[in-house]
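Chains as they are written, first to last, in our numbering: chain A, 1 to 390; chain B, 391 to 780. Here the structure is laid out as structure tokens; the discussion comes afterwards.
Printed below as a string of structure tokens:
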């Protein structure tokens, strides 16, 4: 992984490194396309095979049959494309967690504006305790927040800011018991390649992933799993030739599976790259095995921060996954957002990369399978030295 | 261009070959991203610079300021994303030419369904004569077809089936004189890299291009030019962090320029690849110079078909651009669509690639700057031999 050769890297939640074999697979795909095509009967079966192979490989990752998977350019498109096809009515209410990514929130605001719907907030950002109490509180608050008007719940699987894992299957079960049953949109930007996803993805109506973060694929390719209920009751949204059951016939109707949400030409070599990255991850063990490795390092980091006189992790318990957010002990969550940013710059100058967040104002370091114990030590040392200077 | 090394290629209107320098630029971009980032303060200025450089380079191609350009994954997204943000009302009418791509037609049908709008057809596919009479007839028919309910006209710049160029600036002028003034959506899939686009792109409300056809960039990146009127009156549609004026603030509002239609993470290396392909094209001369070269070969092909006892071009005059569609002399436009397809297969087996179309049922060969006179001769020979066998 060339990205890891010259730096100490903790931004897997921003973008993962692209392994050399994946980059080579991308280059090979481009060569094959040029050699066979690029537009020819010789290349079409290769393209179809590459896309189908990736869809089939992803199905067990997401615990759904391939027909429920659509490829998208990124996680935002995966969230919003199916969402815009649902049967909204005026005065429906969208219940959005307070830990969602601004892009998804803004898209929901626009949707609400268009259909004259209301927005409500589900607080989860303040939940910093152990998994059992977090789960209980999320379900309790959800129960309280749901009204007969609630038609959508938006909740990330792994919160991008605090690093907490949300109990998606249990949330889905709670929603299933309601009439009318609200749709469940899960932003899985941080889960694909970091958490076991099968139960959550199967339970959600929209479970949108990107391949360029924890799964270490190329940027520009994501996948969304949609429910059979969504396929039955939703409409297609953006439409292009890839949405159509017969691409040359405008009147042929859209695919009866999730491909109706695929639009038109994508960058095929990226499919080969992501496929290779998935194979590399699979070679490291099951999703559970890999999460255990991720947590070894995130726990090391959490404990180091916990022991530091100058820093403190947001979470009161070791993280459930690889996201570790933290602040200065003297500062609070209300600290000016410029401060975390200047620390990112200072550490970056020393070749150590993490990121700052604005809400809550904090720093965030991610550990992955490839993170070494010595790198975590180095980060802790740098942080403690910086704090002394500051 | 490795794609052209082992075959005789006439599918530039399907997908262009990727020049080796462009592929190398893509690979260099990936290396740079890995070396600097992939997610770090070190890489962000590089990403921003790459995107800005491409936007600025594209502006004169499209005759508009950079603020009117948005990058999209493909031409369909470029057509539909801005379209879905326009202020539609029940009983508005969408007037769609009968030579549009099925993907765009299907998207307009869905839009019409959602808003309770009507669809009408503008016949242009039968126009096979010279540019002056084509222009006059298009404007005459448009005049007839427009009603006070017409709120959108959809017309390609270069028709993908017959190869005729549509008089977009004149169409725009006619629409401008109407109250209410209909929006003009131009599918420019076949024009970017083949025709001078500046006057047409500036005149249209939505002028959507893809980089992977005539401009010989990588697949998965397109650009759309939108009008100032659209920016003023339209709403954003799919939204992601790239749409937002401050990406970390859901409430910050969308960009006041066309970037509001950009959604989220795209494949940055593709921007470097398209930039390189544009530079290679620019080195061949102005848009007019390049079109003249394209037409040298398309006229050669048209004349060869015209002289052939067995084939006839659709157009009665030499083509205005590089698309040459033709049928067998014995067969008619109503010929079974399987026949052109079997000819594509037979020629493909000899390493000569063109494509078939279903409506009208015909074959289509494209000539580009790089097409050699000997290749056109070879195609004509193969076609005449095939016809003898058939």
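Glycine included, every Cβ here is placed at the ideal spot set by N, Cα and C. Owing to the predicted nature of the structure, the values given are computational and were not obtained by experimental measurement.
Within-8 Å CB hit, residue i to chain A
i: residue 719 of chain B; result: no
i: residue 607 of chain B; result: no
i: residue 499 of chain B; result: yes
i: residue 604 of chain B; result: no
i: residue 629 of chain B; result: yes
i: residue 680 of chain B; result: no
i: residue 583 of chain B; result: no
i: residue 485 of chain B; result: no
i: residue 560 of chain B; result: no
i: residue 761 of chain B; result: no
i: residue 600 of chain B; result: yes
i: residue 772 of chain B; result: no
i: residue 460 of chain B; result: no
Alpha carbon of residue i to alpha carbon of residue j, nearest angstrom
i: residue 483 of chain B; j: residue 554 of chain B; result: 25 Å
i: residue 772 of chain B; j: residue 46 of chain A; result: 26 Å
i: residue 660 of chain B; j: residue 351 of chain A; result: 27 Å
i: residue 274 of chain A; j: residue 561 of chain B; result: 44 Å
i: residue 343 of chain A; j: residue 380 of chain A; result: 13 Å
i: residue 173 of chain A; j: residue 30 of chain A; result: 44 Å
i: residue 37 of chain A; j: residue 398 of chain B; result: 10 Å
i: residue 346 of chain A; j: residue 745 of chain B; result: 57 Å
i: residue 363 of chain B; j: residue 28 of chain A; result: The first residue shown for chain B is 391 and the last is 780, placing residue 363 of chain B beyond what the model contains.
i: residue 713 of chain B; j: residue 403 of chain B; result: 7 Å
i: residue 203 of chain A; j: residue 69 of chain A; result: 14 Å
i: residue 78 of chain A; j: residue 206 of chain A; result: 8 Å
i: residue 752 of chain B; j: residue 49 of chain A; result: 28 Å
i: residue 759 of chain B; j: residue 683 of chain B; result: 6 Å
i: residue 182 of chain A; j: residue 150 of chain A; result: 6 Å
i: residue 442 of chain B; j: residue 656 of chain B; result: 14 Å
i: residue 750 of chain B; j: residue 551 of chain B; result: 7 Å
i: residue 546 of chain B; j: residue 556 of chain B; result: 7 Å
i: residue 627 of chain B; j: residue 475 of chain B; result: 5 Å
i: residue 245 of chain A; j: residue 67 of chain A; result: 13 Å
i: residue 247 of chain A; j: residue 339 of chain A; result: 53 Å
Beta-carbon proximity check, residue i vs residue j, cutoff 8 Å
i: residue 312 of chain A; j: residue 297 of chain A; result: no
i: residue 446 of chain B; j: residue 102 of chain A; result: no
i: residue 258 of chain A; j: residue 158 of chain A; result: no
i: residue 488 of chain B; j: residue 450 of chain B; result: no
i: residue 184 of chain A; j: residue 175 of chain A; result: yes
i: residue 577 of chain B; j: residue 453 of chain B; result: no
i: residue 425 of chain B; j: residue 17 of chain A; result: no
i: residue 757 of chain B; j: residue 691 of chain B; result: yes
i: residue 432 of chain B; j: residue 662 of chain B; result: no
i: residue 146 of chain A; j: residue 178 of chain A; result: yes
i: residue 743 of chain B; j: residue 40 of chain A; result: yes
i: residue 654 of chain B; j: residue 74 of chain A; result: yes
i: residue 107 of chain A; j: residue 80 of chain A; result: yes
i: residue 520 of chain B; j: residue 707 of chain B; result: yes
i: residue 441 of chain A; j: residue 376 of chain A; result: Only positions 1 to 390 of chain A appear in the structure, and residue 441 of chain A is not among them; the question remains open.
i: residue 480 of chain B; j: residue 602 of chain B; result: no
i: residue 240 of chain A; j: residue 466 of chain B; result: yes
Neighbour-count burial assignment, residue i, 16 or more Cβ in a 10 Å radius
i: residue 538 of chain B; result: exposed
i: residue 113 of chain A; result: exposed
i: residue 490 of chain B; result: buried
i: residue 332 of chain A; result: Any reading at residue 332 of chain A must be qualified, since the residue scores a pLDDT of 44, below 50, and its modelled position is unreliable; no value is offered.
i: residue 477 of chain B; result: exposed
i: residue 590 of chain B; result: buried
i: residue 208 of chain A; result: buried
i: residue 674 of chain B; result: exposed
Contact with chain B by residue i, beta-carbon distance below 8 Å
i: residue 376 of chain A; result: no
i: residue 161 of chain A; result: no
i: residue 35 of chain A; result: yes
i: residue 90 of chain A; result: no
i: residue 332 of chain A; result: At residue 332 of chain A, the pLDDT of 44 sits below 50, so the modelled position is not reliable; the number obtained from the coordinates is stated separately. No, residue 332 of chain A does not count as interfacial toward chain B.
i: residue 220 of chain A; result: yes
i: residue 17 of chain A; result: yes
Contact belief for residue i with residue j at Cβ below 8 Å, rounded distance in angstroms
i: residue 262 of chain A; j: residue 277 of chain A; result: Rounded, the Cβ-Cβ distance is 20 Å, inconsistent with contact.
i: residue 715 of chain B; j: residue 754 of chain B; result: 5 Å
i: residue 260 of chain A; j: residue 500 of chain B; result: About 10 Å; that fails the 8 Å criterion.
i: residue 254 of chain A; j: residue 71 of chain A; result: Not confirmed; about 15 Å, so no contact.
i: residue 423 of chain B; j: residue 658 of chain B; result: 6 Å
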